[in-house]
Amino acid sequence: MKDTDTIQINEKDTLTYNGLHKAEAKNVNLFYKDFHALKNINLVVKPNTVTALIGPSGCGKSTFLRLFNRMNDLIDGVKITGDVMLEGRNVYGKDIIVDELRKSVGMVFQKPNPFPKSIFENVAYGLRVNGFNHKDKMEDIVERSLIQAALWDEVKDKLKKSAYELSGGQQQRLCIARALAIEPSLILMDEPASALDPLSTSKIEELIYDLKDKYTIIIVTHNMQQAGRVSDYTAFFYLGELIEFDKTKTMFINPQNVKTQNYITGRFG
Amino acid sequence: MSFINKRAKQKIAFSFFSLVSFTVVAILFVILGFIIIRGISVINWGFITKMPEEGMTKGGILPAIVGTLCLIAGSMIFAFPVGVLSAIYINEYLKENWLKKFMRSMTNNLAGIPSIVFGLFGMALFVDKLKFGDSILAGSLTLGLLALPVIIRTTEEALKSVPNDLRVGSYALGATKLQTIRRVVFPIASPNIITGLILSISRVSGETAPILFTVAAYFLPKLPHSMFDQAMALPYHLYVLTTSGTNMEASRPMAYGTAFVLIFIVLVANLLANAFRRYFGKKNKMN
Amino acid sequence: MKRKRLKIFEKAFGVVLFSSSTVTSLTVLFIIIFLFNEGIGLFNSTPVEQKYKFIVSNDNTVKELTSKQLKDIFNYDITNWKQVGGKNDSIILFTINDLSTYFTDDELGANFENLPSKINELIKKQPGILAYLSDKYVPSQLEGHVLPLTKITVKEFVTGKEWYPTSKPAPQFGVLPLILGTLWVSLGAILIALPLGLATAIFMAEVASQRLRNILKPIIELLAGIPSVVYGFFGLVVLVPLIQHLFNLPVGETALAGSIILGIMALPTIITVSEDALRTTPTSLKEASLALGATRWQTITRVTVPYARSGITAASILGIGRAVGETMAVLMVTGNAGVIPHTFLEPVRTIPATIAAELGEAPFGGLHFKALFALGILLFLITFIINTSVELIKTRKKS
Numbered sequence: 170m171k172d173t174d175t176i177q178i179n180e181k182d183t184l185t186y187n188g189l190h191k192a193e194a195k196n197v198n199l200f201y202k203d204f205h206a207l208k209n210i211n212l213v214v215k216p217n218t219v220t221a222l223i224g225p226s227g228c229g230k231s232t233f234l235r236l237f238n239r240m241n242d243l244i245d246g247v248k249i250t251g252d253v254m255l256e257g258r259n260v261y262g263k264d265i266i267v268d269e270l271r272k273s274v275g276m277v278f279q280k281p282n283p284f285p286k287s288i289f290e291n292v293a294y295g296l297r298v299n300g301f302n303h304k305d306k307m308e309d310i311v312e313r314s315l316i317q318a319a320l321w322d323e324v325k326d327k328l329k330k331s332a333y334e335l336s337g338g339q340q341q342r343l344c345i346a347r348a349l350a351i352e353p354s355l356i357l358m359d360e361p362a363s364a365l366d367p368l369s370t371s372k373i374e375e376l377i378y379d380l381k382d383k384y385t386i387i388i389v390t391h392n393m394q395q396a397g398r399v400s401d402y403t404a405f406f407y408l409g410e411l412i413e414f415d416k417t418k419t420m421f422i423n424p425q426n427v428k429t430q431n432y433i434t435g436r437f438g
Numbered sequence: 332m333s334f335i336n337k338r339a340k341q342k343i344a345f346s347f348f349s350l351v352s353f354t355v356v357a358i359l360f361v362i363l364g365f366i367i368i369r370g371i372s373v374i375n376w377g378f379i380t381k382m383p384e385e386g387m388t389k390g391g392i393l394p395a396i397v398g399t400l401c402l403i404a405g406s407m408i409f410a411f412p413v414g415v416l417s418a419i420y421i422n423e424y425l426k427e428n429w430l431k432k433f434m435r436s437m438t439n440n441l442a443g444i445p446s447i448v449f450g451l452f453g454m455a456l457f458v459d460k461l462k463f464g465d466s467i468l469a470g471s472l473t474l475g476l477l478a479l480p481v482i483i484r485t486t487e488e489a490l491k492s493v494p495n496d497l498r499v500g501s502y503a504l505g506a507t508k509l510q511t512i513r514r515v516v517f518p519i520a521s522p523n524i525i526t527g528l529i530l531s532i533s534r535v536s537g538e539t540a541p542i543l544f545t546v547a548a549y550f551l552p553k554l555p556h557s558m559f560d561q562a563m564a565l566p567y568h569l570y571v572l573t574t575s576g577t578n579m580e581a582s583r584p585m586a587y588g589t590a591f592v593l594i595f596i597v598l599v600a601n602l603l604a605n606a607f608r609r610y611f612g613k614k615n616k617m618n
Numbered sequence: 063m064k065r066k067r068l069k070i071f072e073k074a075f076g077v078v079l080f081s082s083s084t085v086t087s088l089t090v091l092f093i094i095i096f097l098f099n100e101g102i103g104l105f106n107s108t109p110v111e112q113k114y115k116f117i118v119s120n121d122n123t124v125k126e127l128t129s130k131q132l133k134d135i136f137n138y139d140i141t142n143w144k145q146v147g148g149k150n151d152s153i154i155l156f157t158i159n160d161l162s163t164y165f166t167d168d169e170l171g172a173n174f175e176n177l178p179s180k181i182n183e184l185i186k187k188q189p190g191i192l193a194y195l196s197d198k199y200v201p202s203q204l205e206g207h208v209l210p211l212t213k214i215t216v217k218e219f220v221t222g223k224e225w226y227p228t229s230k231p232a233p234q235f236g237v238l239p240l241i242l243g244t245l246w247v248s249l250g251a252i253l254i255a256l257p258l259g260l261a262t263a264i265f266m267a268e269v270a271s272q273r274l275r276n277i278l279k280p281i282i283e284l285l286a287g288i289p290s291v292v293y294g295f296f297g298l299v300v301l302v303p304l305i306q307h308l309f310n311l312p313v314g315e316t317a318l319a320g321s322i323i324l325g326i327m328a329l330p331t332i333i334t335v336s337e338d339a340l341r342t343t344p345t346s347l348k349e350a351s352l353a354l355g356a357t358r359w360q361t362i363t364r365v366t367v368p369y370a371r372s373g374i375t376a377a378s379i380l381g382i383g384r385a386v387g388e389t390m391a392v393l394m395v396t397g398n399a400g401v402i403p404h405t406f407l408e409p410v411r412t413i414p415a416t417i418a419a420e421l422g423e424a425p426f427g428g429l430h431f432k433a434l435f436a437l438g439i440l441l442f443l444i445t446f447i448i449n450t451s452v453e454l455i456k457t458r459k460k461s
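Residue numbers (my numbering), protein chains in the order written: chain E, 170 to 438; chain B, 332 to 618; chain F, 63 to 461.
This is the structure in structure tokens:
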């Protein structure tokens with residue numbers, strides 16, 4: 170988006186990254202007080218790909234995901250070492266303003282969490298809080314975001330209605346539209362379909378596949394079939410460690426690590 | 332640029348809000364500090380144990396202290412059992428039906444009635460209709476009714492905080508409802524119930540309006556003997572020293588002393604309640 | 063066998079529990095009954111002191127007088143019978159104080175034995191007379207008739223502009239100055255307490271660190287526990303002289319002093335209820351807002367506070383309720399004037415303060431006594447409406 174009224178990190182600043190990796194984790198460790206939750210994670214995320222994080226519950230997948238938009242900052246007693254990079258810049262750098270960072274990283278949560286506002290206002294929220302208030306352009310952006318989220322046809326006549334009148338699956342797509350409206354560089358999805366019925370789930374999966382053209386997505390999922398369906402790369406987490414990271418097809422057909430194999434074949438998890 | 336404004340706005344807002352909160356704290360300290368500083372010089376053993384002398388410009392406030400103690404005891408003897416039993420009935424025995432909602436709303440209504448209306452009621456019912464006269468009995472009952480909704484509320488909260496799994500487990504072992512309440516629910520809830528009792532005592536000791544026309548006397552030469560006697564009381568004594576009395580200026584130090592005693596009761600009660608909550612809260616968590 | 067005994071005991075205990083829980087409902091019921099029993103009596107009474115009568119001549123065509131008319135007559139604002147619907151005749155007032163104007167001591171007799179017959183004479187001589195006499199001096203064969211007064215109406219009570227319950231011979235029971243006084247002081251208190259309280263609640267719920275919160279909470283609880291009379295004492299000893307000095311007033315007892323003290327007293331209620339309401343905002347909504355790049359402040363104003371809107375409204379109304387019902391503190395700092403206030407720098411009287419101040423003086427069961435109970439009914443109704451509104455808000459929020 171070339172509109173001069175919005176602010177994007179990657180437009181204003183000079184970057185020295187080689188354009189190959191959208192996001193990177195280098196020797197990342199995370200501690201919840203004394204608990205060593207993430208152990209020496211090394212991972213790269215290529216642009217316009219979908220990377221899935223899989224593994225049993227409680228293994229650090231969501232914690233890792235939240236590094237990229239610093240949502241872990243909201244928890245007391247969290248300590249992080251190593252580098253978390255977004256487009257060549259360290260996300261935890263001293264010069265980074267947190268809410269600016271979050272504008273370039275969109276997040277979709279496990280349970281749909283639309284605001285108690287109208288459908289239109291939900292999508293427009295991210296624009297408003299960042300100082301963007303041009304009425305006409307906003308309508309365009311809201312429409313475009315809802316189209317990208319495959320929700321426009323269903324809601325175009327009732328934009329003023331409360332978001333709570335939508336079904337669960339529609340609400341989740343609304344949350345995706347809301348995140349898309351601010352044109353993030355990276356989209357983080359934390360088990361976006363786990364609270365939805367199978368029909369809505371497949372709609373979301375289709376959506377993720379379509380979004381890949383424009384956006385880069387990291388998705389946490391406990392559903393391995395889902396990971397197999399939508400992702401290009403998969404990272405297998407177990408007890409805070411990154412056990413294996415590879416192209417999805419490769420990992421599913423020929424996992425290198427015994428633990429990975431056991432998880433994929435359903436021996437535990 | 333708009334994002335500078337965003338952050339600046341937040342800084343300004345947060346500083347302003349912390350200033351406001353600090354002001355609220357400062358108000359408390361000013362009020363407490365003022366009374367404590369001016370009152371503490373008056374406090375000595377004589378002040379607490381002597382009767383007022385020379386038109387309340389010298390001596391002590393013993394009758395007021397004794398009166399307040401009697402009223403606390405009287406009101407709690409009535410309100411505590413009735414309140415706790417009511418809360419147990421409403422929370423443990425009643426299903427979620429109209430009766431439960433009705434009783435809860437009645438408790439809320441009673442809680443919202445101004446203290447002077449309690450005074451009017453107490454006078455009409457206890458002093459006049461039941462012919463108790465201006466007495467500790469009438470005053471205690473009136474204060475007890477005032478404290479009742481508070482005790483019911485805090486006891487209900489205490490009971491609600493007991494996890495239901497424990498009740499279910501007890502029933503599964505063949506215990507009756509009453510046994511479960513006695514052996515499981517009540518012991519776990521009791522620290523919070525006691526906290527509620529302490530706070531009610533603090534409340535009752537400071538109330539003036541309910542006792543104005545049911546028990547309070549301006550000056551009594553002797554201490555009360557029976558519950559049918561009138562009594563002096565700390566809050567009424569403070570009121571009287573401040574606004575009437577034969578020699579307001581000279582009585583001022585006594586007034587400060589009385590205010591100090593009242594504040595002291597509130598402070599001690601709050602401290603006790605907090606300590607209770609923390610100590611027993613930990614104990615229950617460890618279990 | 064033991065099981066059976068246990069069952070009987072449990073049933074008995076259940077009865078005890080049930081009876082205890084009826085106490086609150088019964089109390090509310092009885093309060094209503096007793097208040098109404100005494101207070102409604104006001105509207106069945108005429109504003110004449112017991113055992114006193116108003117006498118007029120038989121030629122007088124006026125059927126009855128209202129309390130206000132009577133007061134005006136005795137103030138010499140009304141001087142002619144035609145002003146109250148009668149003949150064109152000057153009103154001649156006669157009370158016990160006027161005895162010496164008309165009669166000598168000898169005429170009356172040592173114990174006023176001749177007074178009743180003298181009254182009859184006087185009535186014949188002065189047909190425009192309006193005599194106010196104790197029953198014992200009314201002649202048994204009256205050459206005139208007793209003038210009834212209209213009963214006090216609810217409208218008179220609620221809209222009457224004058225509260226002079228002890229004035230003789232025509233006490234006035236208009237509560238408008240008291241209602242207005244209550245409103246002024248309470249609204250002033252809310253104007254102070256609501257912004258301060260809400261800001262503090264937001265600070266405690268969203269901005270302050272856990273440690274700060276743990277320090278603030280007990281302080282607020284302490285503020286809530288200070289008795290009303292202590293606040294009144296502080297107000298009288300510190301605030302009132304301060305106001306007197308600052309604004310150069312004859313007395314510092316003003317509505318302003320009342321509002322400030324009441325505002326401080328209402329703060330803890332507003333703070334704790336608002337803080338609880340703010341805490342109910344789901345974390346997921348706050349996270350969603352932050353994840354979109356909003357600052358914490360933007361999240362507070364756009365998500366958290368709007369979500370807690372009904373709780374905050376409930377808090378404000380509860381604060382108002384607390385302010386309206388306060389007795390002692392207000393009594394001690396707002397002065398004693400039962401007149402309609404025009405500025406904040408005047409003394410004022412609220413309804414609860416009036417009841418507290420005057421009940422001790424009112425003769426038991428008399429007119430003033432009933433009027434104070436009627437005030438009690440009014441106060442009860444106001445606080446009942448306030449509490450019911452809060453309940454309605456809470457139930458509406460749940461759905």
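Beta carbons: idealized from backbone N, C-alpha and C, even for Gly.
Values in this document were obtained by computation on a predicted structure and should not be read as measured data.
ask   = In terms of alpha-carbon separation, which member of E/Gly397, E/Ser331, E/Pro281 and E/Val247 lies closest to serine 346 of chain F?
value = E/Pro281
inquiry  = In whole angstroms, give me the CA-to-CA distance for phenylalanine 421 of chain E and isoleucine 433 of chain E.
reply    = 7 Å
Residue closest to serine 115 of chain F, alpha-carbon to alpha-carbon, out of F/Gln360, F/Leu260, F/Ile158 and F/Val291 = It should be pointed out that residue 115 of chain F corresponds to lysine in this sequence rather than to serine. For the residues F/Gln360, F/Leu260, F/Ile158 and F/Val291, the minimum Cα distance to lysine 115 of chain F belongs to F/Ile158.
message = So with CB distances below 9 Å, who are the chain F contacts of lysine 337 of chain B?
response = Ala356, Thr357, Trp359 and Gln360
ask   = At a Cβ cut of 8 Å, what residues of the stretch 522-548 of chain B count as close to chain F, listed as they run along the chain?
value = Leu530, Ser533, Arg534, Ser536, Gly537, Glu538, Thr539, Ala540, Leu543 and Phe544
request  = Quickly, what does DSSP pair proline 280 of chain B with across the bridge? List them, please.
outcome  = Nothing can be reported for residue 280 of chain B: it is not among the residues displayed for chain B, which extend from 332 to 618.
key: Proximity of alanine 564 of chain B and glycine 453 of chain B at Cβ, strictly below 8 Å   = no
Chain B contacts made by the stretch 245-264 of chain F, where a contact means CB separation under 7 Å = Leu258, Ala261, Thr262 and Ile264
key: Same chain, Cβ closer than 6 Å to glycine 3 of chain F, five either side skipped, listed in chain order   = Given that chain F is displayed from residue 63 to residue 461, the structure contains no residue 3 of chain F and the question cannot be resolved.
ask   = My guess is that proline 480 of chain B and leucine 528 of chain B are in contact by the Cβ rule of under 8 Å, so how many angstroms apart are they, rounded?
value = Actually they do not touch by this definition, with Cβ atoms about 14 Å apart.
key: Exposure label - asparagine 578 of chain B; buried when at least 16 CB within 10 Å   = exposed
inquiry  = Between which two residues does the alpha helix (DSSP H) holding threonine 417 of chain E run?
reply    = 417-422
request  = Could you tell me whether the stretch 208-228 of chain E touches the stretch 365-376 of chain E, where touching means 3 or more Cβ pairs closer than 8 Å?
outcome  = no
request  = For chain B, find out if any of its Cβ atoms is closer than 8 Å to the Cβ of leucine 97 of chain F; answer yes or no.
outcome  = Proximity of leucine 97 of chain F to chain B, defined by a Cβ-Cβ separation below 8 Å, is satisfied.
query = So is leucine 352 of chain F in contact with chain E if we call contact Cβ pairs under 8 Å?
reply = yes
query = For glutamine 341 of chain B versus threonine 357 of chain F, is the C-beta distance shorter than 8 Å?
reply = yes
ask   = Under 8 Å between C-beta atoms, does asparagine 57 of chain F make it to chain B?
value = In the structure displayed, chain F extends from 63 to 461; residue 57 of chain F sits before or after that span and is not available.
inquiry  = Check for me: the beta strand (DSSP E) holding glycine 251 of chain E runs from which residue to which?
reply    = 247-255
key: Straight-line Cα distance separating phenylalanine 406 of chain E from leucine 222 of chain E   = 7 Å
As assigned by DSSP and simplified to three states, the class of alanine 562 of chain B = Three-state result, alanine 562 of chain B: strand.
request  = Give the C-beta separation of alanine 395 of chain B and threonine 589 of chain B to the nearest angstrom, bearing in mind that I take them to be a contact with Cβ-Cβ under 8 Å.
outcome  = About 7 Å; that satisfies the 8 Å criterion.
inquiry  = For arginine 347 of chain E, would you say it is in contact with chain A, using Cβ-to-Cβ distances shorter than 8 Å as the test?
reply    = Considering every chain present, this structure includes no chain A. Its protein chains are E, B and F.
key: Under 9 Å by beta carbon: chain F residues contacting methionine 434 of chain B   = Within 9 Å Cβ-Cβ: Ser83, Thr84, Thr86 and Ser87.
request  = Taking C-beta pairs closer than 7 Å, name the residues in chain F that arginine 342 of chain E reaches, listed in chain order.
outcome  = Here the premise fails: no neighbours, minimum Cβ distance about 14 Å.
inquiry  = Distance check for leucine 441 of chain F and tyrosine 226 of chain F, CA to CA, integer angstroms please.
reply    = 19 Å
inquiry  = If the criterion is Cβ atoms closer than 8 Å, does the pair isoleucine 482 of chain B and valine 535 of chain B meet it?
reply    = no
ask   = Taking Cβ-Cβ distances below 8 Å as the criterion, which residues of the stretch 362-377 of chain F are in contact with chain E?
value = Arg364, Val365, Pro368 and Tyr369
ask   = Hey, is threonine 412 of chain F's beta-carbon within less than 8 Å of any beta-carbon in chain B?
value = no
Alpha carbon of glycine 262 of chain E to alpha carbon of threonine 450 of chain F, nearest angstrom = 54 Å
message = Let me check you understand the geometry: is the CB of arginine 239 of chain E closer than 7 Å to at least one non-hydrogen atom of the ligand PLP?
response = This structure lacks the ligand PLP, and indeed carries no ligand of any kind.
key: Among F/Gly101, F/Thr244 and F/Leu311, the one whose alpha carbon lies nearest that of leucine 324 of chain F   = F/Thr244
ask   = Looking at the structure shown, is phenylalanine 200 of chain E part of a helix, part of a strand, or coil, going by DSSP?
value = strand
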